[in-house]
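**Q**
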Amino acid sequence: FGRPLSAANTVETAFLVALAVGLPVAGWLGDRFGTKRVFLGALTAFTIASAVCGLAPDLTTLVVARAVQGLAGGLLTPVGMTLLFRAFP
Numbered sequence: 009f010g011r012p013l014s015a016a017n018t019v020e021t022a023f024l025v026a027l028a029v030g031l032p033v034a035g036w037l038g039d040r041f042g043t044k045r046v047f048l049g050a051l052t053a054f055t056i057a058s059a060v061c062g063l064a065p066d067l068t069t070l071v072v073a074r075a076v077q078g079l080a081g082g083l084l085t086p087v088g089m090t091l092l093f094r095a096f097p
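Positions 9 to 97 (the working numbering) are the ones given, in order, by the sequence shown.
Put into structure tokens, the structure is as follows:
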């Protein structure tokens, strides 16, 4: 992208900060809207953000897409575990 390597650190930072935001919110969203619905929504968002990351024309787009991935990933982990524990008690 024609940026220094140090600017690429924002890609990982955006992902981790968004992940940290998504994790504690996941339980409430699962209770409010249903775990299956939240899981499928987060999976869709993660998939679309992954495609945007692969096609990102610049660093800003990549950082935003990674932040969306982080938020969706933060939702996927606890909600996915909840679905598994409900299916296999």
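Don't be surprised by glycine CBs; every beta carbon is placed ideally from N, CA and C.
Being a predicted model, the structure only gives us computed values, none of them experimental.
Can you tell me whether DSSP reads residue 42 as helix, strand or coil?
**A** Here residue 42 refers to the residue found at position 34 when the sequence shown is read from its first residue. Residue 42: coil per DSSP, three-state reduction.
**Q** Which value, in whole angstroms, describes the spacing of the CA atoms of residue 72 and residue 10?
**A** One-based indexing of the sequence shown puts residue 72 at position 64. One-based indexing of the sequence shown puts residue 10 at position 2. Near 18 Å, if we compare the C-alpha coordinates of residue 10 and residue 72.
**Q** Given a cut-off of 8 Å on the beta-carbon distance, is the pair residue 15 and residue 82 in contact?
**A** The residue given as residue 15 occupies position 7 in the sequence shown. The residue given as residue 82 occupies position 74 in the sequence shown. Result no, Cβ atoms of residue 15 and residue 82 do not sit closer than 8 Å.
**Q** Out of 67, 43, 69 and 20, which has the shortest C-alpha to C-alpha gap to residue 92?
**A** Indexing the sequence shown from 1 puts residue 92 at position 84. The shortest Cα separation from residue 92 among 67, 43, 69 and 20 belongs to 43.
**Q** Quick one: Cα of residue 79 to Cα of residue 26, how far?
**A** In the sequence shown, counting from the first residue as 1, residue 79 sits at position 71. In the sequence shown, counting from the first residue as 1, residue 26 sits at position 18. One C-alpha to the other measures close to 5 Å.
**Q** Just how far apart, CA to CA, sit residue 61 and residue 96?
**A** Locating residue 61 in the sequence shown gives position 53, counting from the first residue. Locating residue 96 in the sequence shown gives position 88, counting from the first residue. If you take the alpha carbons of residue 61 and residue 96, they lie about 34 Å apart.
**Q** With a threshold of 16 other CB atoms inside 10 Å of the CB of residue 13, please say whether the residue is buried or exposed.
**A** To locate residue 13, count along the sequence shown from 1; it is residue 5. The residue in question, residue 13, is exposed, as its Cβ has fewer than 16 Cβ neighbours within 10 Å.
**Q** With distances taken from CA atoms, which of 18, 70, 36 and 67 is nearest residue 87?
**A** For the purposes of this step, residue 87 is identified with residue 79 of the sequence shown, where counting begins at 1. For the residues 18, 70, 36 and 67, the minimum Cα distance to residue 87 belongs to 36.
**Q** Would you mind working out which of 89, 90, 48 and 55 sits nearest residue 74, comparing C-alpha positions?
**A** For the purposes of this step, residue 74 is taken as the residue at position 66 of the sequence shown. Nearest of 89, 90, 48 and 55 to residue 74, Cα basis: 55.
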